[in-house]
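A.B. asks: Residue numbering for the sequence shown follows numbering that gives the first Met the number 0, beginning at 0 and increasing consecutively.
Even for Gly, the Cβ is constructed at its ideal location relative to N, Cα and C.
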Amino acid sequence: MIKRILSILSLALFILASFAILYSIVFPFKAGDPLQGIGYILVIVTSPVGLLAAASALSRRNKIALMAFIGHSTLLLLLFLYMTVGYLIFGV
Numbered sequence: 000m001i002k003r004i005l006s007i008l009s010l011a012l013f014i015l016a017s018f019a020i021l022y023s024i025v026f027p028f029k030a031g032d033p034l035q036g037i038g039y040i041l042v043i044v045t046s047p048v049g050l051l052a053a054a055s056a057l058s059r060r061n062k063i064a065l066m067a068f069i070g071h072s073t074l075l076l077l078l079f080l081y082m083t084v085g086y087l088i089f090g091v
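(1) Can you give, in chain order, each stretch of the alpha helix (DSSP H) that sits fully within the segment 10-75 and has at least 4 residues?
(2) Does the pairing of the segment 83-90 with the segment 26-34 give three or more beta-carbon distances under 8 angstroms?
(3) Here's the rule: buried if 16 or more other CB atoms are within 10 angstroms of the residue's CB, otherwise exposed. What is G36?
(4) In terms of alpha-carbon separation, which member of S46, N61, L80 lies closest to L16?
(5) Quick check on DSSP: helix, strand or coil for M0?
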């Protein structure tokens with residue numbers, strides 16, 4: 000029961016962070032807006048928590064935890080690439 004709750008919590012955190020990132024890309028905030036970096040802050044804050052929750056709920060039959068684990072890992076990888084490669088090469 001607790002593993003199911005942890006996996007659903009982890010998936011909900013992944014969906015929240017993903018929607019915040021997509022919203023900030025589709026509808027960009029103006030410069031100086033307080034909500035300008037909310038998507039990236041959510042990834043930095045929720046992804047480690049989501050990874051821990053998904054890792055503790057992983058089992059062979061728990062597909063929700065696996066999806067959440069892969070999703071949070073992907074978000075962290077994309078954030079790392081955006082902050083390093085995008086800044087160094089493209090000057091974003």
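C.D. replies: Straight from the coordinates:
(1) 37-56
(2) no
(3) For the purposes of this step, residue 36 is taken as the residue at position 37 of the sequence shown. Classification of G36: exposed, given that the 10 Å Cβ count is below 16.
(4) Looking up residue 16 in the sequence shown gives position 17. Checking the sequence, you will find Ala at residue 16 rather than Leu. A16 has its Cα closest to that of S46, out of S46, N61, L80.
(5) Here the question's residue 0 lines up with position 1 in the sequence shown. Note: M0 maps to coil in three-state DSSP.
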